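Count the sequence shown with this note's numbering and you get residues 57 to 169, in order. As structure tokens, the structure follows; a few thoughts come after it.
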Amino acid sequence: MEALRLVLRYLHLIGFALLLGGAVAQYVSGKLRINAAMLWGAGAQVVTGLALSAPLARDTQPDPVKLVVKGVVALMIFVMVFFARKRADVNRGHFLAVVGLTLANAAVATFWH
């Protein structure tokens, strides 16, 4: 079970890298739009996050409130990315909200014990 959890965590981090990396690439290019990396990263974050929150056999279970907060933020990011994916240009505030929520979700994962 530990190996499965580690693989899921690895995939979760790859999803984060795709989401944030895709956003930074778009921001630097000057054309704010949702790219494929952002869409796949947001999807990977939701799917692997759900799998990681499953009550696997482990010594300590994660805080349920933390899981709910992370899940809600991840779903918000996915919805924002999914419904804006076909737009030629995304509103600057919308785009920066996706980046901010991504960073906030990483902060919750890192600092909430």
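For each residue, glycine too, the CB sits at the ideal point set by N, CA and C. These figures come from a predicted structure and were not determined experimentally.
Could you pull the start and end residues of the alpha helix (DSSP H) that residue i belongs to?
| i | result |
| --- | --- |
| A79 | E58 to S85 |
| Q146 | At residue 146 the sequence reads Val, which differs from the Gln that was named. Segment: none, V146 is in no alpha helix (DSSP H) and carries neither H nor E. |
Please state whether DSSP places residue i in a helix, a strand or coil.
| i | result |
| --- | --- |
| Q117 | coil |
| A40 | Because residue 40 is not part of the residues shown, which for the chain are 57 to 169, the question remains open. |
Beta-carbon within less than 8 Å of residue i's beta-carbon, same chain only, minus the 5 sequence neighbours each way: which residues are those?
| i | result |
| --- | --- |
| T158 | F72, L75, L76, A79 and I133 |
CB-CB under 7 Å to residue i, same chain, minus the five flanking residues each way: which ones, in chain order?
| i | result |
| --- | --- |
| V154 | A79, I133, M136 and V137 |
| T104 | L64, L67, H68 and G71 |
How about residue i and residue j: are their beta carbons less than 8 Å apart?
| i | j | result |
| --- | --- | --- |
| V164 | L88 | no |
| I90 | R141 | yes |
For residue i, count the other beta carbons within 10 Å of its own beta carbon; 16 or more makes it buried, fewer makes it exposed. Which is it?
| i | result |
| --- | --- |
| G101 | First, the amino acid is wrong: residue 101 is Gln here, not Gly. Burial call: buried. |
| A130 | buried |
| A110 | exposed |
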